[in-house]
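> Questions regarding the structure given below will be posed in turn.
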Amino acid sequence: MTEQNTPATEPAEDLPEQMRVRRAKRDRMLAEGVQPYPVTVPRTISLAQIREQYAELPTDTATGDQVSVTGRVIFIRSGGKLCFVTLREGDGTELQAMLSLDRVGAERLEEWKRLVDLGDLVAVTGEVITSRRGELSVLADSWSMSAKALRPLPVAHKPLSEETRVRQRYVDLIVRPQARDTVRTRATVVRSLRESLFRRNYLEVETPMLQLLHGGATARPFVTHSNALDTDLYLRIAPELFLKRAVVGGIDRVFEINRNFRNEGMDSTHSPEFAMLEAYQAYADYNVMQVQTREWIQEAAQAVAGSHVVTHHDGTEVDLGGEWNQITLFGAISEALGEEVTIETDLAQLQRYAEKVQLGVDPKWSAGKLAEELFEHLVQHTLQAPTFVRDYPEQTAPLTAPHRETPGLTEKWDLYVGGFELATAYSELVDPVVQRERLHAQSLLAAGGDAEAMQLDEDFLRAMEYGMPPSGGMGMGIDRLLMALTGLGIRETILFPLVRPE
RNA sequence: GGGCCGCUAGCUCAAUGGCAGAGCUGAGGACUUUUAAUCCUUAGGUUCAGGGUUCGAGUCCCUGGCGGCCCA
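Quick note: the first sequence uses this note's numbering, first residue 560, plus one each step.
Next comes the structure, spelled out in structure tokens:
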């Protein structure tokens, strides 16, 4: 504590002992003319390649093969004249290195014991061997520091608290292999979706995230400001209105995978920024999108698990194979209530049903909105196996085409898996006059203070007036797809989720 | 938004209102075949923050912060 062995720029007395010790080791290296953070270190082969090439090497064998390897120190077992260390590489592969007095010499062995801590990144050059216990190892002739860690690693064999996992994902990634697996799984899923859509001749585009008007969904937007335009801008809540402009222009199969932003609650299924796939296909409808969506998810499952049966992190298996259940919104409500409910059922009757099942009712709700609330209250959580819920009331789906058989309904489905909504699709409303009426009604709500209502996007309506082909459109939450495939919470599927300031 | 639970050493956790502890990690020492090595010695604390009750508060009360679970 009285030693002045840390640089003056560091408030030494504020640091825990273990961090002071590591800083002191760094300083000692510098004082001895050794780089604690060299620009390069020798590396001729990955740990994974060694494991692959020497998989069959028998116990206590010397190969004569010289290699240089790198990795993070995750276990140290040091003896007087022989030290063992377990190195781990980015892909999770671990390999043992051995440093013996007769190979590296007394001086370098002492420096190893003096300078190397758990968590450091080191490079080791030596011979590939197996130990007397049969452990594949690099028997060092020399070693060097790749990067000195100034903070101690958390205990490797106790789980990190959930909060630390999220706030310090880099630590989570270092100590928990599953955290790294999740990153890989997500990349695999996104790549699979892209390939699935490319195979069906969809084009990938990027549409504006900064928008003058927010639309395409009902949600509260984030507001930001453009100095150049001296105007407020919205972070998009959905790419829908721009993707439809693309379809108007003749991009007949189009999709985007990117972030949307919604200024709403944060919980185990909602993140303020979330990744979404949105896809449109001209001359298709919600039935076509239903088949494709199932195929894309099944192809993603295949990419991740090699099968349509995915295994969640808690070991439960979820079968996403075959055809999926299909029910109608009103059919599901009727079954749950034991009463016949249709689009014709009036608001007063629905309110009586709501009271019967102890659902709180907002007097501003339309009959359609109340029907949806009844569904969410009674049915949603029961839909564990993948289920398409079809045919929603017009009042709650302003951008959806009227149902071709039943007046008052629209051609929209929601896909539920594991009790939450994973995707939605419409036969798109392409009549510009009706579209204008619907958006005008929305804009009146917005002007009246409903922060979730859409604003009137005249440019979008102008585009529609040039004629949009009859189309199917779908949207799916990427984070939620990961949740469905892995069983993880949304904050585990997002690498760096938004957290409250510390 | 409401209810409940939690926040203590670098990490994971203990501690009837009565001396703040353990394991791992760290430091010093022993060990040339270890696998979360082992053995000996030892250091480490603004108990989330701020008030209050009390002779005495990690513990009880209040306010706030952060997190988790359940409900809306």
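Beta carbons are placed, not taken as given, at the ideal position from N, Cα and C, and that holds for glycine.
Between the C-alpha atoms of residue 560 and residue 1051, what's the straight-line distance to the nearest angstrom?
For residue 560, the predicted structure reports a pLDDT of 34, less than 50, and the residue's modelled location is therefore unreliable. The matter cannot be settled from this model.
> By Cβ distance, which residues of its chain are closer than 6 angstroms to residue 567, with the 5 residues on each side in sequence left out?
Low local confidence applies: a pLDDT of 32 at residue 567 is under 50, so the model's placement there is unreliable, and no value is given.
> Roughly how many whole angstroms lie between the Cα atoms of residue 819 and residue 1053?
14 angstroms
> If residue 1001 sits next to residue 957, beta carbons under 8 angstroms apart, how far is it from one beta carbon to the other, in whole angstroms?
6 angstroms
> Under the DSSP definition of a beta bridge, which residues are partnered with residue 974?
947 and 982
> Are the CB atoms of residue 888 and residue 944 nearer to each other than 8 angstroms?
no
> Do the CB positions of residue 1036 and residue 974 come within less than 8 angstroms of each other?
no
> Just mark residue 577 as buried or exposed, buried being the case when its beta carbon has 16 or more other beta carbons within 10 Å.
exposed
> Determine the DSSP secondary structure at residue 689, reduced to helix, strand or coil.
strand
> Checking the sheet assignment: what are the DSSP bridge partners for residue 961?
969
> Please look up how many angstroms separate the CB atoms of residue 706 and residue 685, rounded, as I've assumed it's under 8 angstroms.
Rounded, the Cβ-Cβ distance is 20 angstroms, inconsistent with contact.
> Could you give the residue range of the alpha helix (DSSP H) that holds residue 724?
DSSP places residue 724 in the uninterrupted alpha helix (DSSP H) bounded by 721 to 726.
> Any idea what DSSP makes of residue 702, helix, strand or coil?
Residue 702: strand per DSSP, three-state reduction.
> Count Cβ pairs between the segment 623 to 635 and the segment 742 to 749 that sit closer than 8 angstroms; are there 3 or more?
no
> Less than 7 angstroms between C-beta atoms, sequence neighbours within five positions excluded: which residues of the same chain meet that for residue 785?
The residues 792, in chain order, have a CB closer than 7 angstroms to that of residue 785 in the same chain once the five nearest residues on each side in sequence are set aside.
> In terms of DSSP beta bridges, what is residue 1035 paired with?
836 and 982
> Is residue 762 buried or exposed, if buried means 16 or more other CB atoms sit within 10 Å of its CB?
exposed
> Rounding to the nearest angstrom, what Cα-Cα distance links residue 829 and residue 603 in this structure?
Roughly 45 angstroms separates the two Cα atoms.
> Over what stretch of residues does the alpha helix (DSSP H) that includes residue 657 continue unbroken?
Membership of residue 657 in any alpha helix (DSSP H) is not indicated; the residue belongs instead to the beta strand (DSSP E) covering 653 to 659.
> If we count Cβ pairs, one from each stretch, closer than 8 angstroms, do we get three or more for the segment 805 to 816 versus the segment 826 to 846?
yes
> For residue 691, count neighbouring C-beta atoms within 10 Å of its own C-beta (all shown protein chains included) and say buried if the count is 16 or more, exposed if not.
exposed
> Which term fits residue 1059, buried or exposed, when burial requires 16 or more other beta carbons within 10 angstroms of its beta carbon?
exposed
> Tell me where the beta strand (DSSP E) around residue 631 begins and ends.
621 to 637
> Please classify residue 775: is it buried, with 16 or more other beta-carbons within 10 angstroms of its beta-carbon, or exposed?
buried
> Over the uninterrupted beta strand (DSSP E) stretch that includes residue 641, give me the two end residues.
641 to 647
> Once the 5 residues before and after residue 728 are set aside, which same chain residues still bring their CB inside 8 angstroms of it?
738, 1054 and 1055
> Buried or exposed: where does residue 773 fall if 16 or more other Cβ atoms within 10 Å of its Cβ makes it buried?
buried
> Using a 10 Å radius around the Cβ and a threshold of 16 neighbouring Cβ atoms, would you call residue 1045 buried or exposed?
Answer is buried; the Cβ neighbour count reaches 16.
> Within the chosen definition, does the segment 798 to 807 reach the segment 1022 to 1032 through at least 3 CB pairs nearer than 8 angstroms?
yes
> Any idea if residue 516 is buried or exposed, counting beta-carbon neighbours within 10 angstroms, 16 or more meaning buried?
The structure shown does not extend to residue 516, since the chain spans only 560 to 1061, so no value can be given for it.
> Verify whether the separation of the beta carbon atoms of residue 1020 and residue 1012 is less than 8 angstroms.
no
> Run the CB neighbour count on residue 788, radius 10 Å, all protein chains shown included, and call it buried at 16 or more, exposed below.
Flag for residue 788 reads exposed.
> How would you call residue 736, buried or exposed, if buried means at least 16 neighbouring beta carbons within 10 angstroms?
By the beta-carbon neighbour count (other beta carbons within 10 angstroms, threshold 16), residue 736 is exposed.
> Thinking C-alpha only, which one of 710, 949, 689 and 743 is nearest residue 680?
710
> Tell me which residue opens and which closes the beta strand (DSSP E) that residue 1019 is part of.
Here residue 1019 belongs to no beta strand (DSSP E); instead the alpha helix (DSSP H) covers 1017 to 1024.
> Let's see if you can read the secondary structure: which residues bound the alpha helix (DSSP H) around residue 846?
845 to 864
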